[in-house]
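> Quick one: this structure, given as structure tokens, is what I'll be asking you about.
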Amino acid sequence: MEPMPAFHQSFVESTLTLLQRQLMVTYRNKPFIFGRLLMIFIMGLLFCTVFYSFDPTQVSVVMGVIFAAVMFLSMGQSSQIPTYMAEREVFYKQRGANFFRTASYVLATSVSQIPLAVVETIIFGSLVYWICGFVSEAKLFIIFELILLLSNLAMGMWFFFLSAIGRNGGLWSEIPDYLIWAHWISPMTWSLKALAINQYRSGPMDVCVYDGVDYCSEYGLKMGEYYLGLFGMDTEKEWIVYGVIYTLAMYVVFMFLSYLSLEYIRYEAPENVDVSEKTIEDEAYTMLETPKTKSGTSAVDEYIVEMDTREKNFTPVTVAFQDLHYFVPDPKNPKEQLELLKGINGFAVPGSITALMGSSGAGKTTLMDVIAGRKTGGKIMGKILLNGYEANDLAIRRCTGYCEQMDVHSEAATIREALTFSSFLRQDASIPDAKKYDSRGGETVFYGNLGKNCRNLVDYFESIPGVAPLPKGYNPATWMLECIGAGVSSAANQIDFVDNFNKSSYRQVLESEMAKEGVTVPSPSLPEMVFARKRAATSATQMKFVVTRFFQMYWRTPTYNLTRMVLAIFLALLFGIVFVDAEYASYSGLNSGVGMVYMASLFLSMTAFQSVLPLTSSERASFYRERASQTYNAFWYFVGSTLAELPYCFVLGALFTVVFYPMVGFTDVGVAFIFWLATSLSVLMQVYMGQMFSYAMPSEEVAAIIGLLFNAIFMTFMGFSPPAYAIPSAYTWLYKISPLRFPVSILVALIFSDCDDLPTWDEATQSYTNGGSKLGCQPMADAPVTVGHITIKGYTEEYFGMKHDTITQYFFVIIGYI
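If you're matching positions, the sequence shown starts at 1 in the UniProt record's numbering and goes up one per residue.
So, in structure tokens, the structure goes:
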């Protein structure tokens, strides 16, 4: 007998099958695809109008549009990560059952993203290339598109790798976009260099004389080589080929790393947090233990546990529903309605357990949702009564507890904390705190007392002609479901169980019971459930428990907080190492310095934005459930989520500043404090923006796309790329309202625009005299011919619009945005 193969299909067959599935799954998500393409089109139009027909001699503008194009397309792939994380759970199950090889899955997933990447690159690249003013040659345009596509794909595989290696959605958003920005590692760096050479070493710019300036005689370089040299770039055309080869190689490397991660790393067990046990007051809670036999006595089979009689801290409520109907629009014909509940009657008395049983799709969850007031659509008819009084929505939410079929809770809370939280916020404020810890298909076919061992139920169904008797040793519940056609192995039968029930004595008992006082008729001995307040707990209690839960959640989420702190240190070290001996008094040095502060601030704040999305989205589910029960005011949820972030954001800013500030050559301690404050507020602002999009958007994926679109627009108008002076007048309003520009302006102005004693330009000696010692007072060396003589402060304020005298004003603006 031949051994059974490990996989049913060959590698090629498996890969093609998975590719077909991945293409179907990817392109069936029409809202996501439409959102991506709309974002690409909007940003393409924005870029080509902002950088319309740029002047090649304004090299900072040209480099800015190339950098922005590569950055935007590459970072746009980050919106796929929530989808990758969700698909990973399915992969674990199917790979564990040997449905397919890991290599087939990785290859199919990567190939399935190519068509969308091609469309994005063609739309965005065509708009930017031909309207912005790049050299009008078809060959150069094809190279431009190819490099953008490869950078897009390489970064897409980078994000896929991070979703494969990270435990949860919190890790990818901390690490992904930016740690790869090491100069000789990042595909974006190689793409930027290749595209710059592709532009400046082309025929029209690879000349000595351009726009009346003879670069060969003045500088010994051709025009294109001169401007590339201002940014310290290589000028050989071979670097274009190297860039293509490198980005393609990185695409394959990230694909291989993804394979290794998915094949050998599993995150199938839940992440646990150790919570220390606290001492509990005797009055508040009595811990029960298994009784032990007293020494010297023989073991017995029965024990008596003495327990105090507990006082009821609530009014017993009888829930009844009478002639309950529920209609929803017919999806095939919206003008018609489908009746999901057809005149249901029933009740549940205090101190009893009522089982609601039926097949899948019979309407059990629908009935419970209607009774609990969780159905926001459709039409409800009939009566829902509490103690015989017709109940309003507030009464139902206040005096009933509903454990939904797919219940959701805050993941960071322990079981005890979840129960305590609900106990304090769902019970009336008049009940002492110590006592709140006390533990305590659409139609009906049977309703009544089951009897001992379900004897009443069995006798009733066996009395119906055509029903097979209960086999010996068989589960009565399973047998009942099979009788009515709910069992998976039963054949459909023609017995009308609804009609039999309506003619039975059980129906008469049900109606007589429901006609009693306190069920569907008000009783003088039972109060009507009327509440003066919307919520049981006081505002102070709500604030205490909601805010405390948020602080506990943040403390118990190390993948969110500890990781982003380590990341802050790593980013500071990364930028510090690159700029450890940098000089900022030349044209290239100043542009690099401003770019360094811009990139460092941007990366730190953007990681904060993306990292908060999965955390906030996951907690939103429990918020909806708790709000549906009027557990607390949404205002206290907002207060808790914002206050919990404060200490972590300021610690994050401090860790970054302590490492970054001295490493890059900055020395003023007083300025360092302001630098830390501006950095922390920048991070905090992005966190709150991420929370806002998470709360406002229907899903994490949509929040990521919309957030990326807004941040891409804000980044474009921060005043760095393009510089403030080059922003068209039609977009000045976007520049003025961009929230990201204010912290960056403060950080740059603190370092490069600080000068109390500006030097004077001496025409006779063609040099500056009598200048101060601060960096902003120094003359800028190696200025391009189009700039002329200028100081560091003058260039920073004139070209980037980042002025020292606006620092205080901008702090108030940031606080206003927050």
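Built from N, CA and C at the ideal position, the CB exists for glycine as well.
Using only alpha-carbon positions, find the residue among N591, V458, P522 that is nearest to L470.
Residue mapping note: residue 470 aligns to position 470 of the sequence shown, counting from 1. When each option's Cα is compared against that of L470, the closest is V458.
> So what does DSSP say about S767, is it helix, strand or coil?
As a position in the sequence shown, residue 767 is number 767, starting the count at 1. Note: S767 maps to strand in three-state DSSP.
> Who are the Cβ neighbours of Y817 in its own chain at under 6 Å, not counting the five residues just before and after it?
Counting from one through the sequence shown, the residue named residue 817 turns up at place 817. Cβ neighbours of Y817 beyond the five flanking positions: M685, P739.
> Are there 16 or more other CB atoms within 10 angstroms of the CB of I142, so buried, or fewer, so exposed?
The sequence position of residue 142 within the sequence shown is 142, counting from 1. By the 10 Å Cβ count, I142 comes out exposed.
> Under a three-way DSSP split, which group does G665 fall into?
The sequence position of residue 665 within the sequence shown is 665, counting from 1. Coil at G665, not helix or strand.
> Within a Cβ cutoff of 6 Å, which residues of the same chain sit near N475, ignoring the five residues on either side of it in sequence?
Start at 1 with the first residue of the sequence shown, and residue 475 comes out as number 475. So the list is empty, once near-sequence residues are dropped.
> What does V328 pair with, by DSSP beta-bridge criteria?
For the purposes of this step, residue 328 is taken as residue 328 along the sequence shown, with counting starting at 1. Partner(s): L338.
> Kindly indicate which residue of E218, T235, Y219, S217 has the alpha-carbon position closest to the one of I225.
In the sequence shown, counting from the first residue as 1, residue 225 sits at position 225. At residue 225 the sequence reads Glu, which differs from the Ile that was named. Comparing Cα positions, the closest option is T235.
> Just verifying my parser: in three-state terms, what is the DSSP assignment at P465?
Taking the first residue of the sequence shown as 1, we reach residue 465 at position 465. In the structure shown, P465 sits in coil (DSSP, three-state: anything other than H, G, I, E or B).
> Ends of the alpha helix (DSSP H) at M43?
Position 43 of the sequence shown, counted from the start, is the residue given in the question as residue 43. From DSSP, the alpha helix (DSSP H) with M43 extends over 30-50.
> Let's see if you can read the secondary structure: which residues bound the alpha helix (DSSP H) around G243?
Your numbering for residue 243 matches position 243 in the sequence shown. Its alpha helix (DSSP H) spans residues 238-264.
> On a Cα-Cα basis, can you pick out the residue from C216, L386, S512 that is closest to L526?
Residue 526 sits at position 526 when you count from the first residue of the sequence shown. For the residues C216, L386, S512, the minimum Cα distance to L526 belongs to L386.
> Could you tell me if residue 841 is buried or exposed, where buried requires 16 or more neighbouring beta carbons within 10 angstroms of its beta carbon?
The chain is shown only over 1 to 818; residue 841 falls outside these bounds and no answer can be derived.
> Under the assumption that I66 contacts L248 (Cβ atoms under 8 Å), give the Cβ distance between them as a whole number of angstroms.
In the sequence shown, counting from the first residue as 1, residue 66 sits at position 66. In the sequence shown, counting from the first residue as 1, residue 248 sits at position 248. Not confirmed; about 19 Å, so no contact.
> Taking C-alpha atoms, which residue in V683, F693, L341, L340 lies nearest to R620?
For the purposes of this step, residue 620 is identified with residue 620 of the sequence shown, where counting begins at 1. Looking at the Cα atoms, F693 is the closest of the given residues.
> Helix, strand or coil for T791, going by three-state DSSP, please let me know.
Locating residue 791 in the sequence shown gives position 791, counting from the first residue. T791: strand per DSSP, three-state reduction.
> Is A585 helix, strand or coil by DSSP?
Working through the sequence shown from its first residue, we reach residue 585 at position 585. Of the three classes helix, strand and coil, the one that applies to A585 here is coil, per DSSP.
> Taking just the CA atoms, how far does M697 sit from V119?
Stepping through the sequence shown from its first residue, residue 119 is reached at position 119. Stepping through the sequence shown from its first residue, residue 697 is reached at position 697. Distance between the alpha carbons of V119 and M697: 26 Å.
> Determine the extent of the alpha helix (DSSP H) in which G382 is found, giving its start and end residues.
In the sequence shown, residue 382 corresponds to position 382, counting from 1. G382 -> not in any alpha helix (DSSP H); beta strand (DSSP E) instead, spanning 379-386.
> For N591, count neighbouring C-beta atoms within 10 Å of its own C-beta (all shown protein chains included) and say buried if the count is 16 or more, exposed if not.
Taking the sequence shown and counting its residues from 1, the one referred to as residue 591 is at position 591. Buried is the call here.
> Which class does P614 belong to by DSSP, given the choice of helix, strand or coil?
Mapped onto the sequence shown, residue 614 falls at position 614. Residue state, collapsed to three classes: helix.
> If you run the structure through DSSP and keep just helix, strand and coil, what is D323?
By 1-based counting over the sequence shown, the position of residue 323 is 323. Reduced to three states, the DSSP call for D323 is strand.
> DSSP has Y389 in a bridge; who is on the other side?
Residue mapping note: residue 389 aligns to position 389 of the sequence shown, counting from 1. Bridge partners of Y389: L386.
> Quick one: Cα of Y661 to Cα of V59, how far?
Position 661 of the sequence shown, counted from the first residue, corresponds to residue 661. Position 59 of the sequence shown, counted from the first residue, corresponds to residue 59. Each residue's Cα considered, the two are about 28 Å apart.
> Go to S699, then tell me how far its alpha helix (DSSP H) extends in each direction, as first and last residue.
Position 699 of the sequence shown holds residue 699. That residue, S699, is in no alpha helix (DSSP H); it is neither H nor E in DSSP.
> Can you tell me the Cα-Cα spacing of Q9 and T642, whole angstroms?
Numbered from its first residue, the sequence shown carries residue 9 at position 9. Numbered from its first residue, the sequence shown carries residue 642 at position 642. Taking the straight line joining both Cα atoms gives about 52 Å.
> Does the stretch 584-598 come into contact with the stretch 743-755, if we say contact requires no fewer than three beta-carbon pairs (one atom in each stretch) closer than 8 Å?
They touch, by the three-pair rule.
> Please look up how many angstroms separate the CB atoms of K383 and F321, rounded, as I've assumed it's under 8 Å.
What you label residue 383 is simply residue 383 of the sequence shown in a count that begins at 1. What you label residue 321 is simply residue 321 of the sequence shown in a count that begins at 1. With a Cβ gap of about 7 Å, K383 and F321 count as contacting.
> Compute the Euclidean distance between the alpha carbons of T631 and A540, then round it to the nearest angstrom.
Indexing the sequence shown from 1 puts residue 631 at position 631. Indexing the sequence shown from 1 puts residue 540 at position 540. Between T631 and A540, the C-alpha separation is close to 13 Å.
> So, under 8 Å CB-CB, Y326 and V370 are touching, yes? Tell me the CB distance rounded to an integer number of Å.
Working through the sequence shown from its first residue, we reach residue 326 at position 326. Working through the sequence shown from its first residue, we reach residue 370 at position 370. So it is a contact: roughly 5 Å between Cβ atoms.
> Taking DSSP's pairing of strands, which residues face F347 in a bridge?
Here residue 347 refers to the residue found at position 347 when the sequence shown is read from its first residue. Answer is A320, bridged to F347.
> Please report the straight-line C-alpha distance between G156 and F811, rounded to a whole angstrom.
Looking up residue 156 in the sequence shown gives position 156. Looking up residue 811 in the sequence shown gives position 811. Approximately 36 Å, taken between the alpha carbons.
> Could you check the C-alpha separation between N449 and M368 for me, to the nearest Å?
Residue numbering aside, residue 449 sits at position 449 when the sequence shown is read from its first letter. Residue numbering aside, residue 368 sits at position 368 when the sequence shown is read from its first letter. Between N449 and M368, the C-alpha separation is close to 20 Å.
> Taking the alpha-carbon positions, what's the I790 to P779 distance?
Within the sequence shown, residue 790 is the residue found at index 790, counting from 1. Within the sequence shown, residue 779 is the residue found at index 779, counting from 1. The straight-line gap from Cα to Cα measures roughly 6 Å.
> Contact check, T109 vs Q22 under 8 Å by CB: the rounded distance?
By one-based count along the sequence shown, residue 109 stands at place 109. By one-based count along the sequence shown, residue 22 stands at place 22. Yes, T109 and Q22 are in contact; Cβ-Cβ is about 5 Å, under 8 Å.
> Which residue marks the beginning of the alpha helix (DSSP H) containing T189, and which one marks its end?
For this step, residue 189 is matched to residue 189 along the sequence shown. Unbroken alpha helix (DSSP H) run through T189: 187-200.
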